[in-house]
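Structure first, commentary second.
Residue numbers (this note's numbering): 10 to 128.
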């Protein structure tokens, strides 16, 4: 964490002592700057066996700073979430895009690689 960020948090300490309801917002901000957030984008048919296995794997581990989006290509959600426009199922396989710090890794189409990359 940068010195500027530390100074900002120190500056707000006095305000928080006076208004304790602000504490949870400061904790949220601290977590945001202290942790690496991930986006897991799963593209394919929502009832595909591999899709269900990937979702089961996601739900079996603690991923507190992870956002999960399932894009079933039968339905168009790109109008709502613009960043999904370039996320496609490769060769009609369920495809996982694992993104961190605004950068996505190579797409994954098998369960073992998926498990290794989400931890």
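Ideal placement from N, C-alpha and C gives every residue a C-beta, glycine not left out.
Of the candidates 47, 21, 27, 21 places its Cα closest to the Cα of residue 36. In the three-state DSSP reduction, residue 105 falls in the strand class (E or B). Ranked by Cα distance from residue 51, the options 19, 110, 76 are led by 76. DSSP lists 76, 108 as the beta-bridge partner residues of residue 48. In this chain, the alpha helix (DSSP H) harbouring residue 38 covers 32 to 43.
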